[in-house]
Amino acid sequence: KAGVTQTPRYLIKTRGQQVTLSCSPISGHRSVSWYQQTPGQGLQFLFEYFSETQRNKGNFPGRFSGRQFSNSRSEMNVSTLELGDSALYLCASSPRPSGELFFGEGSRLTVL
Amino acid sequence: GENVEQHPSTLSVQEGDSAVIKCTYSDSASNYFPWYKQELGKRPQLIIDIRSNVGEKKDQRIAVTLNKTAKHFSLHITETQPEDSAVYFCAASLDRGSQGNLIFGKGTKLSVKP
């Protein structure tokens with residue numbers, strides 16, 4: 001069974017631009033969560049989706065948004081990028097809400 | 001909301017020694033406590049978890065204990081090996097089936113010296 005796939009793996013943007021990251025969950029998993037990982041801050045929760053509905057949202061500004069499609073694939077978008085948005089963005093899928101998380105390899109975003 | 005504190009941030013042990021990582025959580029309603037291991041350059045992976053109706057759980061050299069009254073839980077690794085070197089994250093969640101999300105601690109970097 002294929003794991004969680006995230007694209008792109010690496011990307012470089014400049015301040016003020018926007019970015020869209022994609023996540024394909026493990027087949028059959030309907031829950032998708034997004035985390036931001038930075039040195040010293042660990043894994044910070046962004047949002048969780050289940051059956052196309054956002055169930056939970058972390059403490060991030062409105063520039064961070066996401067959605068989930070009917071095939072459970074998910075995207076997150078960050079608008080008006082800031083230098084502090086540079087991080088590894090991890091997507092994780094789960095067979096059920098609040099179940100074990102299976103992480104992707106992440107999308108490493110660098111904002112210049 | 002839930003807040004998870006994790007200590008220490010770094011831990012260095014000799015091969016064969018034991019390692020203990022401690023976490024505290026703020027929301028007494030949290031009832032699911034997993035531990036994830038992230039090796040350098042790799043994705044986090046679940047190594048063990050415990051639910052609030054259990055006080056201790058073991059899996060070979062790894063064990064987790066939970067003290068609900070004190071709202072803290074710990075990871076114990078015995079007979080450490082160099083391949084145990086990684087960053088370990090604890091997490092807590094309120095698993096009501098239709099609500100909840102994992103809130104992680106900031107991680108502990110464990111180094112096992114041969």
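Chains as they are written, first to last, in our numbering: chain S, 1 to 112; chain C, 1 to 114. Note that beta-carbon positions come from the ideal geometry of N, C-alpha and C, so glycine has one too.
Item                                                                                                                                                                    : Value
So, with DSSP's three-state summary, where would you put S:E75?                                                                                                         : strand
If you draw a straight line from the alpha carbon of S:Q54 to that of C:G16, how long is it in whole angstroms?                                                         : 45 Å
Hey, does S:F45 have any beta-carbon neighbour from chain C nearer than 8 Å?                                                                                            : yes
Compare the beta carbon distance of S:T5 and S:S24 with 8 Å and say whether it is the shorter of the two.                                                               : yes
Comparing alpha-carbon positions, which option in S:T110, S:S65, S:G16 and S:S79 lies nearest S:S33?                                                                    : S:S65
Counting only runs that start and end within the stretch 55 to 103 of chain C, where is the beta strand (DSSP E) found for 3 or more residues in a row?                 : 56 to 59, 62 to 67, 72 to 77 and 86 to 92
Roughly how many whole angstroms lie between the Cα atoms of C:V20 and C:Y88?                                                                                           : 11 Å
So which residues of chain S does C:K106 contact, with C-beta pairs closer than 8 Å?                                                                                    : G40, Q41 and G42
Evaluate C:N53 with the Cβ neighbour count: other Cβ atoms within 10 Å of its Cβ, from every protein chain shown; 16 or more gives buried, anything less gives exposed. : exposed
Can you name, in chain order, every residue of its own chain whose Cβ lies under 6 Å from the Cβ of S:L112, other than the five neighbours on each side?                : T14
Three or more beta-carbon pairs under 8 Å between the stretch 73 to 84 of chain C and the stretch 106 to 113 of chain C, yes or no?                                     : yes
Given a cut-off of 8 Å on the beta-carbon distance, is the pair S:S51 and S:R63 in contact?                                                                             : no
Mapping DSSP to helix, strand and coil, what is C:L40?                                                                                                                  : coil
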